[in-house]
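Q: In order, the protein sequences belong to chains A and B.
In the numbering used here, each residue carries its 1-based index in the first sequence increased by 1.
In the numbering used here, each residue carries its 1-based index in the second sequence increased by 1.
All residues carry an ideal CB built from backbone N, CA and C; glycine is no exception.
Protein chains: 2
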Amino acid sequence: MSTSASEISARIVEAVMAQKLAPGSRLGEQPLAMLFDCSRTIVREALTRLAARGIVTVSARRGWFVIEPSQDEAREAFEARRVIELGLIRSTGSTGKIDKAALRQLKTHLQREKAALKESDVGNRSFLLGDFHVCLAECLGNTLLADTLRDFTARTTLIAMLYQSTHDAVQSCEDHVQIVAALERGDHAAAEALMASHIGTVQSALRVQAPTDPLAQLRDALAPLQQKSAAARPARRKATTPSPDDTDSSTYLGALL
Amino acid sequence: MSTSASEISARIVEAVMAQKLAPGSRLGEQPLAMLFDCSRTIVREALTRLAARGIVTVSARRGWFVIEPSQDEAREAFEARRVIELGLIRSTGSTGKIDKAALRQLKTHLQREKAALKESDVGNRSFLLGDFHVCLAECLGNTLLADTLRDFTARTTLIAMLYQSTHDAVQSCEDHVQIVAALERGDHAAAEALMASHIGTVQSALRVQAPTDPLAQLRDALAPLQQKSAAARPARRKATTPSPDDTDSSTYLGALL
DNA sequence: TGCACATATCTTGCATACCAGTTGGCACAA
DNA sequence: TTGTGCCAACTGGTATGCAAGATATGTGCA
């Protein structure tokens, strides 16, 4: 059945946050139209909206691609998140305690995070870890900033994929728990500090290759590779190369399902 | 000659920031297409992007309109600006002094603001007063937040129009001067405080009508009205009513020129 | 064998045609 | 005169077709 533009864009954002769409992934209009059973018009509308939100780009007559943030953009994205999230926690501090219903919602979210950690659904795990921050912004009573933060979080997720983040999911979840705990006891200063350190941890887990050697990434990818583990073979392929990683056009869309 | 979608959307945003497009203004696809000499497709693309940025909305088969923020949205918008702008100033404080070129750019901007105050070009004045904040964010080194702030500033401009802001342009400009001065001497704490008070001033200049009576606005607008002043007659008409303020379809587009 | 050029194919850019819902006016009836 | 229902014009929603640029392919020549 046919799908609306907002659904399509939501699905794409989810796929990005779930690390199912790597930076540089091609998003062809025609394949998407077939997948969602609608015309190219609808797909274009969805992609146009995502472009306005900074999630995808279009290269004229070449195609639509998931963005590949530069190091500078990566820095800005983390700074932006820091500014918004810390500011949000701080500004809520003065207006009194956090809402009870909101707190419950946050705790439910934490439960889901923990559940996802036990299962091996990497996609859902990644999505929830990012969505926590959006959820937090919503609970602190600002949907405008929450929406903004969703885009920025998707962005940092892409950055993490691009720069091969080594950050630990378990650690992140624990951070989240502590942040919520601090908010619950009304200690906004602590919450702010915890959040600052949390974002700092995630950011510093990025592997920044020396910008002097543009071949470093390729060299790393094509190194002799002593077959680390036979069991690890069928693992998700991470498209760390700019984009020529193209699978055939009918396969890559699986990420959106 | 024909115009691109990005130009069109940029022009609309500018018109909003210059208070040339009031909240609720109709933005018909066909009239815009004729004005910019392009097809509806291009116009739709521009409007779609603006919708993603929260500047316009579309009511199915009724038309596109400049948003009319609710009181809640107004609160969120100001809070969002406070969070971002204060956070930006604060986070820049730790990384050392402000860049020299950036400072020059800010001062140039202040000059333009002063010039606009002397002239009676209300549109340019309003635009520059809002653009200052965008410019500041850019100068503090974060284009991502600057872009976000542009949307939020446009939003607060609309709010000011909708809630008949009484805020003083001269005062705002002086605030800006002081903020830049504080930044120049490296006193980020003062800059932050000044900015907080500045935004607070603008926000509190809004005239908030009692939300209990949905007819209050109408009643106010339709009151007997003892002709306050004959000289004030040809003043800019402020469309505080939802939208039926429609001038004929060829007139309202003048705001975009 | 290697390089350059022509060409075929793929992908988006844009305009237009047609469809469907909404609105406001007009005519008619009470 | 007032209220009601119909109709026509208007406005966006969606699909499609064609144009044009970019890329990949294949061929011929050096």
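#1: Verify the CB distance criterion: does isoleucine 9 (chain A) have a CB-CB separation below 9 Å to chain B?
#2: Can you tell which of A:Thr157, A:Glu193 and A:Lys119 has its C-alpha closest to the C-alpha of glutamate 74 (chain A)?
#3: Can you pull out the residues from the segment 70-81 of chain B whose beta carbon lies closer than 8 Å to at least one beta carbon of chain A?
#4: Quick check on aspartate 132 (chain A): buried or exposed, where buried means 16 or more other Cβ atoms within 10 Å of its Cβ?
#5: Classify threonine 154 (chain B): buried if its beta carbon has 16 or more other beta carbons within 10 angstroms, exposed otherwise.
#6: Residues of chain B with CB closer than 7 Å to the CB of serine 40 (chain A), please, in chain order.
#7: Suppose the cutoff is 6 Å on Cβ atoms and the five residues either side in sequence are ignored; what does the same chain contact list for phenylalanine 37 (chain B) look like?
#8: Are the segment 178-196 of chain B and the segment 110-117 of chain A touching by the rule of at least three beta carbon pairs closer than 8 Å?
#9: Since serine 92 (chain B) meets chain A, which of its residues come closer than 7 Å, beta carbon to beta carbon?
#10: Just checking my contact of valine 57 (chain B) with leucine 28 (chain B) at CB under 8 Å: how many whole Å lie between their CB atoms?
#11: Ordered along the chain, which non-local residues of its own chain (more than five positions away) have a Cβ less than 8 Å from that of arginine 45 (chain A)?
#12: My understanding is that glutamate 193 (chain A) touches isoleucine 90 (chain A), with C-beta atoms under 8 Å, so please give their C-beta distance in whole angstroms.
#13: May I have the straight-line CA-CA distance separating alanine 147 (chain A) from glutamate 120 (chain B), to the nearest angstrom?
#14: Rounded to the nearest angstrom, what separates alanine 197 (chain A) and tyrosine 164 (chain A) at their Cα positions?
#15: Using a C-beta to C-beta distance shorter than 7 Å, which residues of chain B count as neighbours of threonine 49 (chain A)?
#16: Between glycine 142 (chain A) and chain B, is the shortest Cβ-Cβ distance under 9 Å, so that the two count as touching?
#17: Cα separation between alanine 81 (chain B) and leucine 107 (chain A)?
#18: Enumerate in chain order the residues of its own chain whose CB-to-CB distance from serine 26 (chain A) is below 6 Å, with the five nearest sequence positions on each side excluded.
#19: In the DSSP assignment, find the unbroken alpha helix (DSSP H) run with phenylalanine 133 (chain B) in it and report its ends.
#20: Identify the contact partners of leucine 207 (chain A) in chain B, using a Cβ-Cβ distance below 7 Å as the criterion.
#21: Just grab the DSSP bridge partners of threonine 58 (chain B) for me.
#22: Between arginine 126 (chain A) and chain B, is any beta-carbon pair separated by less than 9 Å?
#23: Beta-carbon within less than 8 Å of phenylalanine 189 (chain A)'s beta-carbon, same chain only, minus the 5 sequence neighbours each way: which residues are those?
#24: For threonine 167 (chain B), is the classification buried or exposed, using 16 other Cβ atoms within 10 angstroms of its Cβ as the cut-off for buried?
#25: Could you give the DSSP three-state label for arginine 27 (chain B): helix, strand or coil?
#26: In chain A, which residues lie with their C-beta within 9 Å of the C-beta of arginine 54 (chain B)?
#27: Excluding five sequence neighbours on each side, which residues of the same chain lie with their C-beta closer than 8 Å to the C-beta of valine 59 (chain A)?
#28: Report the rounded CA-to-CA distance for leucine 137 (chain A) versus glutamine 172 (chain A), giving the unit in angstroms.
#29: Near alanine 78 (chain B), what residues of its chain come up, given a Cβ to Cβ distance below 7 Å and the 5 sequence neighbours on each side ignored?
A: Taking the geometry as given:
#1: Position 8 of the first sequence, counting from 1, holds the residue named residue 9 (chain A). Not closer than 9 Å to any Cβ of chain B, the Cβ of isoleucine 9 (chain A) fails to qualify, so no.
#2: For this step, residue 74 (chain A) is matched to residue 73 along the first sequence. It is A:Thr157.
#3: Glu74, Glu77, Ala78, Glu80 and Ala81
#4: Counting from 1 along the first sequence, the entry for residue 132 (chain A) is found at position 131. Answer is buried; the Cβ neighbour count reaches 16.
#5: Numbered from its first residue, the second sequence carries residue 154 (chain B) at position 153. Label assigned to threonine 154 (chain B): buried.
#6: By one-based count along the first sequence, residue 40 (chain A) stands at place 39. By Cβ distance, chain B contributes nothing, its closest Cβ being about 13 Å from serine 40 (chain A), past 7 Å.
#7: For the purposes of this step, residue 37 (chain B) is identified with residue 36 of the second sequence, where counting begins at 1. Hits under 6 Å: Thr4 and Ile9.
#8: no
#9: Residue mapping note: residue 92 (chain B) aligns to position 91 of the second sequence, counting from 1. Per Cβ cutoff of 7 Å: Glu80, Arg83 and Val84.
#10: What you label residue 57 (chain B) is simply residue 56 of the second sequence in a count that begins at 1. What you label residue 28 (chain B) is simply residue 27 of the second sequence in a count that begins at 1. Correct: roughly 6 Å between the Cβ atoms.
#11: For this step, residue 45 (chain A) is matched to residue 44 along the first sequence. Excluding positions up to five away in sequence, the list reads Glu30.
#12: Locating residue 193 (chain A) in the first sequence gives position 192, where the first residue counts as 1. Locating residue 90 (chain A) in the first sequence gives position 89, where the first residue counts as 1. Going by Cβ atoms, the distance from glutamate 193 (chain A) to isoleucine 90 (chain A) rounds to 5 Å, so yes, they are a contact pair.
#13: Position 146 of the first sequence holds residue 147 (chain A). Position 119 of the second sequence holds residue 120 (chain B). Whole-angstrom Cα-Cα distance: 40 Å.
#14: Position 196 of the first sequence, counting from 1, holds the residue named residue 197 (chain A). Position 163 of the first sequence, counting from 1, holds the residue named residue 164 (chain A). In a straight line, the C-alpha of alanine 197 (chain A) is about 21 Å away from that of tyrosine 164 (chain A).
#15: Taking the first sequence and counting its residues from 1, the one referred to as residue 49 (chain A) is at position 48. The contacting residues are Glu46, Thr49 and Arg50.
#16: Residue 142 (chain A) sits at position 141 when you count from the first residue of the first sequence. For glycine 142 (chain A), the answer is yes, since a Cβ of chain B falls inside 9 Å of its Cβ.
#17: Taking the second sequence and counting its residues from 1, the one referred to as residue 81 (chain B) is at position 80. Taking the first sequence and counting its residues from 1, the one referred to as residue 107 (chain A) is at position 106. Roughly 21 Å separates the two Cα atoms.
#18: Residue mapping note: residue 26 (chain A) aligns to position 25 of the first sequence, counting from 1. Only Val67 meet the Cβ criterion.
#19: Counting from 1 along the second sequence, the entry for residue 133 (chain B) is found at position 132. Counting along the chain, the alpha helix (DSSP H) containing phenylalanine 133 (chain B) begins and ends at 123-140.
#20: Taking the first sequence and counting its residues from 1, one reaches residue 207 (chain A) at position 206. Correct list: empty, because the minimum Cβ distance to chain B is about 17 Å.
#21: Your numbering for residue 58 (chain B) matches position 57 in the second sequence. DSSP, once it has assigned bridges, lists B:Phe66 as partnering threonine 58 (chain B).
#22: As a position in the first sequence, residue 126 (chain A) is number 125, starting the count at 1. It does not; no Cβ of chain B falls within 9 Å.
#23: Here residue 189 (chain A) refers to the residue found at position 188 when the first sequence is read from its first residue. Reading the sequence as shown, one finds histidine at residue 189 (chain A) and not phenylalanine. The residues are Ile90, Arg91, Thr93, Gly94 and Ala183.
#24: Taking the second sequence and counting its residues from 1, one reaches residue 167 (chain B) at position 166. Threonine 167 (chain B) is exposed by the Cβ-count criterion.
#25: For the purposes of this step, residue 27 (chain B) is identified with residue 26 of the second sequence, where counting begins at 1. Strand at arginine 27 (chain B).
#26: Within the second sequence, the letter at position 53 stands for residue 54 (chain B). What arginine 54 (chain B) touches in chain A: Ala53 and Arg54.
#27: Translated into the one-based positions of the first sequence, residue 59 (chain A) becomes position 58. So the qualifying residues of the chain are Leu48, Ala52, Trp65 and Phe66.
#28: Sequence index remark: in the first sequence, residue 137 (chain A) carries index 136 (1-based). Sequence index remark: in the first sequence, residue 172 (chain A) carries index 171 (1-based). Their Cα atoms are separated by approximately 18 Å.
#29: Counted from its first residue, the second sequence places residue 78 (chain B) at position 77. Once the five neighbours on either side are set aside, the close Cβ partners of alanine 78 (chain B) are Pro70, Phe153, Arg156, Thr157 and Ile160.
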